[in-house]
Amino acid sequence: MASPLTQIFNRISATLHSSRRNHSPSQRTPRGNINQEKFRCYSVCVARLAIMAMLAILIGLLTLLTWHFTKVYTRTSLNALAYGLRYELLQRPMLRMWKILNSTVEITTSQVKLSEYVIRKYSRAENQAQQIELYEVMRDVTWALFASHKALNSMSIKYRNGFVQAFHRDLRDKNTYYIYSNLYNYTMIGPYDSNQTSSNQGWNDQMIHGNISAIWYREPLDPDTGRKTGKQKEIPPDELLNIAGISQVPDGAASWHVAVSKFTNSPLLSAALPVRDEGGGSIVAVVGVTTALYSVGQLMKELVELHGGHIYLTSQEGWLLATSSSTPLLRNSPSGPTLMMAVDSEDEIIQSGAKWLDKAYGGQLPVNRKLHTAAARLGHERYYIDSFFLNLTRLPMVGVLCIPRKYIMGKVDARAFKTLMILISASVCVLVVGCICIFILTNGVSKEMKLRAELISHYDARRKAEASSNFKSQFLANMSHELRTPMAAVIGLLDILLCDDRLTEEHYSTITQIRRCSTALLRLLNNILDISKVESGKLVLEEAEFDLGRELEGLIDMYSVQCKKHNVETIIDLSDDMPKVVRGDSGRVVQIFANLISNSIKFTTSGYIIVRGWCENLKSLSDNENFYVDQKALWSAFQKRLKRQGLHEKNTSCKNDNTMILYFEVEDTGCGIDPSKWESVFESFEQADPSTTRLHGGTGLGLCIVRSLVNKMGGEIKVVKKNGSGTLMQLYLLLSTPPDIPRESYRLKFSQLNLKVVLALNGTMSRTILSKWLLKLGVPIWEANEWNELTRVLQEIFKPTNYSKKNEFFLIVVDIGLLNLSTDIWKEQLNFLDTFKKVAKFGWVLNHDTSNTIKIELRRRGHLLMVNGPLYKAKMIQIIEAVKKETSPELTVNTEQLTFFKDAEEAINDEEKGKIGKKCLEGLRILLAEDTPVLQRVASIMLEQMGATVVVVGDGAQAVEALNKSADWTADCTADCTPYDLVLMDCQMPKMDGYEATKAIRRAEMESESESGSHIPIVALTAHAMSSDEAKCLEVGMDAYLTKPIDCKLMVSTILSLTKTQEADDN
Amino acid sequence: MDAVSQLQRQFVEYTTSLYREGYLDDQFTQLQKLQDESNPDFVVEVVTLFFEDSEKLLNNLTTALQQENIDYKQVDAHVHQFKGSSSSIGAQRVKNVCVVFRNYCDEKNLDGCVLCLQQAKNEYILIRNKLEALFNLEQQILQAGGSVPMMA
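Residue numbers (the numbering used here), protein chains in the order written: chain A, -5 to 1061; chain B, 1184 to 1335.
What follows is the structure, encoded as structure tokens:
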């Protein structure tokens, strides 16, 4: 049991070692993955082997135990039984022997007693006749006894005088004989003689042998009746049987011995007893009884026949007395048959059994001891040997029983063997099945392990990829910052160059071109920065109120310039219910539309670009079922979004109840987008058609930024199907509106006016939209899209017959493009229009490139109502308002007044046209807080060149102090404005940095608000360009934000916009 | 006149080399633009200011980095200032070193900082020499009666 176990363990450890050995050198190689795989395989293999080995051990143990216990229990119980059986088997022949002996003794004794009695009766025999009578009586008595014991072989009486009487049963021919000696040869010897002589002396064998002349007769007898059946025959003496003589009872006591007769082949047991005369004196006769031991042998044979064993009886010396086998017990020797030793028996088993016993006990059988052995090897079989010692006084005997083990244990052994076989095969089966199961199960486990490992590696890879993408964004953010700085410098320097008066026209145009390119490049950089900001999650949306309509109109104004060149109409159509003011990040909203519109412009060569806008209140929206399908889709998407964003979003939107969903459409008549690309155009660096890059340029970032921003504002954007060519983008934004913004009702106003309008515009779309809108407001209109039509319409309207009513008044809106400007005909046309001056007001829609001569001419003729195209609702309202007030020339709505609210960027554009005046900052007092002397100097020179007065302070604390002083001074002098118009504040300064200083200044302003209510614009100067810095700057109360190195142009425009706003506010 | 034109050519070549080798950038040109009749020595003035400021800052940085416990915030502030002033006069290479220096500051990498300080000093001395040479040339031109050519 132990050795196979150790073998298994050895093997397992060997496998482990080998795997380790295989593994350890390869670990150093760089291809760790493969080795890891291998190692995993090995470990699985080893685990499998271990489990299998355990199973094998377990099953083996179970099998062995089962087998052992079943075997042992049956064996012990069987052994007990077998012992009983053996004992019984041995006991019975012994008992029989014992009985035989006893009966022999009894018979002998009774014969002796009877003989004594008879002999005593006839002791006074006087004559021969009496003597014969005695013998007759003795014969009858003896017969009676002999007949009553069938087992007796012979019975003899030998008288003192040598006369012999004997009965004999021949076992071979089943005859019974009476044997007697011739009476006549014996002399009558008086019993007294014998009385007188000593019994010891009177009898000897010599006498018998001397009586050789005596004639012996044998008479066959009827075995039942004892009558003579045949004639007597003479036989030689001692021929048939041993007659017990005096020699056998030397001491007068009963004697035993085993005799051998010629006629039986079994030993005989003979007993002899003396018959004494009256008074117990001398021996008068000897009675001998012999019993054949044949019956014992028979019994034994019967007993063991069934068991296939052997029994034999020996005398103490080892003479064989009886066996269960049929081999002869006697040996022929020259002196007649003699007894045989057990070791010489012809029966092999008996012989070998006897030999075994001899060998085991050295021939000295332990007296009075029973012997039981369970494992004696005789021949080729194992035998049980039991011996039993029968201690008779004269004839101690030993019985030996040999039973083949096979007989008792054979079945058990066979069964045990079978059981073992079955158990082993069963356990082998179980083991095999178990191993297969383990293999299959662990196979699953190992597969799962592999999958899991793969999953983990994938996860790692994904994390790495995410990290690298993050790094990319970070890198882009940093890079674009680094790139922006030189770009700003380039642009700034170009601006400075443009200021130079000495440039030739050629230089000027080239530089303008360079500047445009640089701006484009900067825009691209900004786009990348935006993308990376969005991706790195740094984009923070502002929350400020702004006028959405105005922003969008400004945007349209801006792009219309570009569009005019392309002969593309740009139209904005915002519904009247759009909130005037919304909260949000105006810059980003404008960016969305700027990107969309510029995108549309890029792909539209003719036709129009239209921006539509309408809105729904979040609450009222669910009640309104009439919006069309796309809107519905948008709405459902929006609801989904709401659900996704969960309660948080809902709470914020419910807090101020007037969150609006602003829907927008940007439609163009360009080449359109293939439906399969509708989704992908919003991906980074994705363009609808790769060939467009060649045609139109661009990086494909615009729409990606748009979508990111729209999503950030809680909206969605998508491309939808459009009738006809072109693209239709729909988007919605979630913006909140500040409460209680009153809405003007144009309808009321205009209907009161009793106004009639003639729209003479080039663009079909814008005209249609405007006319629809005006019609809805209840204003009757006429349309014309070219000069001839206009004349026709005008003549129609102003026919003297029709034109009668006094209180209604006409407005004629004329696009300057309707006039034929290429030749001088336009003056004629103006003359024609002048004829209607008395009955109608004129509004002129100018183009950005309308030459000054035309403007001057118009002004000269009293057409003061001029707006820059394109015409949209807000401008229309302006015109109408102006007309309504019957305006004086001073209040003419001109370009400046319409657009003065435009943001800083537009201010640049405006100023660009007329070039920046060198002294545009004339009269401004600027406080510069900057610690670096170099920057101090540079900035102050820059500003001074612009005509500003600069006061320089070294840190934040000084700045605060200077402002406070100036405030005091202001208070003293009761001046209307603070001495400083603006503060330029470096963010990082010693003692008190820009943020702190700004906070302090704002605090001071708050405190003194009751007195002056001033708000000094503070512009941050910082070397950082991230939005977070910007946010921080704005958070502490700064108004604008400039990056170092200072871009002169940008600085000027910023300062201008801020100081202008200030003025406007002051006004 | 030949001497003057030679000097002028030399000046132009020298300036171009300064731009080409990256010692200076457009900011310096912008400075030169700012110089006019009202501020005839503006560039020299500003550059001198830069020299003074830089030497002060470099000394500060050297002492700050020799401290037992280095106040990286302080170092960072100095470097930031140095970066601001150098970028304002257009000393591009000094500025670039400052950018790297600030990164090391953020990482609190002393070895990197010391290395960067060394580099910054080297760059500073280089640019100082270059600029001084430039001003010398300028002086020579002026003394020779020529006008300093404008770099466009």
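Note that beta-carbon positions come from the ideal geometry of N, C-alpha and C, so glycine has one too.
Quiz prompt | Neighbouring residues, chain B, relative to A:G486 (Cβ below 7 Å) | solution = Numbered from its first residue, the first sequence carries residue 486 of chain A at position 492. Correct list: Q1213.
Smallest Cα separation from A:L82: which of A:L297, A:V932, A:L535, A:L921? Locating residue 82 of chain A in the first sequence gives position 88, counting from the first residue. The sequence given here has Glu at residue 82 of chain A, not Leu. Considering only alpha carbons, the answer is A:L297.
Q. Hey, A:I101 and A:V269 are a contact pair by Cβ (cut 8 Å); roughly how many whole angstroms apart?
A. The residue labelled residue 101 of chain A in the question sits at position 107 within the first sequence. The residue labelled residue 269 of chain A in the question sits at position 275 within the first sequence. Their Cβ separation, rounded to whole angstroms, is 14 Å, which puts A:I101 and A:V269 out of contact at 8 Å.
What residues in its chain sit with their C-beta under 7 Å from that of A:L314, if we drop five residues either side in the sequence? Numbered from its first residue, the first sequence carries residue 314 of chain A at position 320. Cβ neighbours of A:L314 within its own chain (closer than 7 Å, five residues either side excluded): Y306, T308, L323, L333, M334, M335, A336, S339.
- Message: Between B:C1299 and chain A, is the shortest Cβ-Cβ distance under 8 Å, so that the two count as touching?
- Response: Residue numbering aside, residue 1299 of chain B sits at position 116 when the second sequence is read from its first letter. It does not: the Cβ of B:C1299 has no partner Cβ on chain A nearer than 8 Å.
**OP:** Kindly indicate which three-state DSSP category A:K353 falls into: helix, strand or coil?
**Re:** Residue 353 of chain A sits at position 359 when you count from the first residue of the first sequence. Looking at A:K353 - three-state DSSP - the assignment turns out to be helix.
- Going along chain B in order, which residues have a C-beta closer than 7 Å to the C-beta of A:R931? As a working mapping, residue 931 of chain A is identified with position 937 in the first sequence. Simply E1228, V1229, L1232.
* If you count every other CB in all the chains shown that lies within 10 Å of the CB of A:N437, and 16 or more means buried, which is it? -> Translated into the one-based positions of the first sequence, residue 437 of chain A becomes position 443. Burial check for A:N437: the Cβ neighbour count within 10 Å stays below 16, so the residue is exposed.
Hey, how far is the Cα of A:L425 from the Cα of A:A50? Residue mapping note: residue 425 of chain A aligns to position 431 of the first sequence, counting from 1. Residue mapping note: residue 50 of chain A aligns to position 56 of the first sequence, counting from 1. Going from the Cα of A:L425 to the Cα of A:A50 covers about 6 Å.
Distance, A:P480 Cα to B:E1306 Cα
Translated into positions along the second sequence, residue 1306 of chain B becomes position 123. Translated into positions along the first sequence, residue 480 of chain A becomes position 486. When rounded, the distance between both Cα atoms is 20 Å.
(message) For A:R325 and A:G312, what's the separation of their Cα atoms in angstroms?
(response) By 1-based counting over the first sequence, the position of residue 325 of chain A is 331. By 1-based counting over the first sequence, the position of residue 312 of chain A is 318. So the two alpha carbons sit approximately 14 Å from each other.
How long is the line joining the alpha carbons of A:I202 and A:K152, rounded to whole angstroms?
Numbered from its first residue, the first sequence carries residue 202 of chain A at position 208. Numbered from its first residue, the first sequence carries residue 152 of chain A at position 158. Note on A:I202: pLDDT 43, under 50, position unreliable in the model; no value is reported.
Practice problem: Would you kindly report the start and end of the unbroken beta strand (DSSP E) that includes A:R212? | Solution: In the first sequence, residue 212 of chain A corresponds to position 218, counting from 1. Start and end: 210 to 215.
I want to see whether chain B comes within less than 8 Å of A:P1011, judged by CB atoms only; does it? Residue mapping note: residue 1011 of chain A aligns to position 1017 of the first sequence, counting from 1. Taking Cβ atoms only, chain B never reaches closer than 8 Å to A:P1011, which makes this a no.
| message | Taking the straight line between their C-alpha atoms, what separation do you get for A:F382 and A:P390? | response | Taking the first sequence and counting its residues from 1, the one referred to as residue 382 of chain A is at position 388. Taking the first sequence and counting its residues from 1, the one referred to as residue 390 of chain A is at position 396. If you take the alpha carbons of A:F382 and A:P390, they lie about 11 Å apart.
Next item on the list: Determine, using beta-carbon pairs with one atom in the region 1290 to 1303 of chain B and one in the region 1247 to 1259 of chain B, whether at least three such pairs fall under 8 Å.
Entry: yes
TODO: Just the chain A side, please: which residues come within less than 9 Å of B:N1242 by C-beta, in chain order?
DONE: In the second sequence, the residue the question calls residue 1242 of chain B occupies position 59. The premise fails here: B:N1242 is roughly 15 Å from chain A at the closest Cβ pair, so nothing lies under 9 Å.
In the DSSP output, which residue or residues are listed as bridge partners for A:Y174? Here the question's residue 174 of chain A lines up with position 180 in the first sequence. BP columns for A:Y174 point to A:Q159, A:Y211.
### Message
Does A:N169 come out as helix, strand or coil in the three-state DSSP assignment?
### Response
To locate residue 169 of chain A, count along the first sequence from 1; it is residue 175. Residue state, collapsed to three classes: strand.
Do we get a CB-CB distance below 8 Å when we pair A:K1043 with the residues of chain B? As a first step, residue 1043 of chain A must be located in the first sequence, where it is residue number 1049. No, because no Cβ of chain B sits closer than 8 Å to the Cβ of A:K1043.
Establish whether the CB of A:I505 and some CB of chain B are separated by less than 8 Å.
Working through the first sequence from its first residue, we reach residue 505 of chain A at position 511. Interface criterion not met: the Cβ of A:I505 is under 8 Å from no Cβ in chain B.
- For A:S295, does the three-state DSSP call read helix, strand or coil? Taking the first sequence and counting its residues from 1, the one referred to as residue 295 of chain A is at position 301. Sequence check: residue 295 of chain A is Lys here, not Ser. The answer is helix: DSSP assigns A:K295 an H, G or I state.
At a Cβ threshold of 8 Å, is B:A1247 touching chain A? Reading the second sequence from its first residue, position 64 is the one you call residue 1247 of chain B. No, B:A1247 lies away from the interface with chain A (no Cβ there is under 8 Å from its Cβ).
- Residues near A:P984 in its chain [Cβ-Cβ closer than 7 Å; skip 5 each side]: Stepping through the first sequence from its first residue, residue 984 of chain A is reached at position 990. Excluding positions up to five away in sequence, the list reads D925, D949.
Taking a contact to mean a Cβ-Cβ separation below 8 Å, would you say A:W92 touches A:L384 in this structure? As a working mapping, residue 92 of chain A is identified with position 98 in the first sequence. As a working mapping, residue 384 of chain A is identified with position 390 in the first sequence. In this structure, A:W92 sits near A:L384, with a CB-CB distance shorter than 8 Å.
*asked:* As a quick exercise: from A:H143, A:A933, A:M149, pick the residue whose alpha carbon is nearest that of A:R133.
replied: As a working note, residue 133 of chain A is residue 139 in the first sequence. It is A:M149.
For this session: Assuming A:V839 and A:V807 form a contact by the criterion Cβ under 8 Å, report the distance between their Cβ atoms to the nearest whole angstrom.
Result: Here residue 839 of chain A refers to the residue found at position 845 of the first sequence. Here residue 807 of chain A refers to the residue found at position 813 of the first sequence. The pair is a contact, with the Cβ atoms about 6 Å apart (cut-off 8 Å).
Check: So, using beta-carbon positions, are A:V278 and A:A266 closer together than 8 Å?
Finding: Residue 278 of chain A sits at position 284 when you count from the first residue of the first sequence. Residue 266 of chain A sits at position 272 when you count from the first residue of the first sequence. No, Cβ-Cβ distance for A:V278 and A:A266 is not below 8 Å.
*Going by beta carbon distance, what residues of the same chain come within less than 6 Å of A:L108, once the five residues before and after it are set aside?*
Counted from its first residue, the first sequence places residue 108 of chain A at position 114. Result list for A:L108: V135, in chain order.
### Message
Between A:L865 and A:L755, how many whole angstroms is the CB-CB distance? I'm expecting something under 8 Å.
### Response
Along the first sequence, one-based indexing puts residue 865 of chain A at 871. Along the first sequence, one-based indexing puts residue 755 of chain A at 761. The Cβ separation is near 7 Å, so the contact holds.
So what does DSSP say about A:G26, is it helix, strand or coil? Here residue 26 of chain A is taken as the residue at index 32 of the first sequence, counted from 1. In this predicted model, A:G26 has a pLDDT of only 49, less than 50, meaning its place in the structure is not dependable; the value taken from the coordinates is given anyway. The answer is helix: DSSP assigns A:G26 an H, G or I state.
Inter-residue Cα distance where the pair is B:H1263 and A:V977:
On the second sequence, residue 1263 of chain B is found 80 positions in, with the first residue counted as 1. On the first sequence, residue 977 of chain A is found 983 positions in, with the first residue counted as 1. If you draw a straight line from the Cα of B:H1263 to the Cα of A:V977, it is about 21 Å long.
Worksheet item: Helix, strand or coil: how does DSSP classify A:Y866 here?
Response: Within the first sequence, the letter at position 872 stands for residue 866 of chain A. Three-state result, A:Y866: coil.
| message | If you reduce the DSSP assignment to three classes, tell me which class A:D524 lands in. | response | In the first sequence, the residue the question calls residue 524 of chain A occupies position 530. Note: A:D524 maps to helix in three-state DSSP.
Query raised in the report: When we look at the beta-carbon of A:V833 and count the other beta-carbons within 10 Å, is it buried (16 or more) or exposed?
Result: Within the first sequence, the letter at position 839 stands for residue 833 of chain A. Result: exposed.
If you check the beta carbons only, do A:V605 and A:E545 fall under 8 Å apart?
On the first sequence, position 611 is the one that residue 605 of chain A refers to. On the first sequence, position 551 is the one that residue 545 of chain A refers to. No, the pair does not count as a contact, with Cβ atoms beyond the cut-off.
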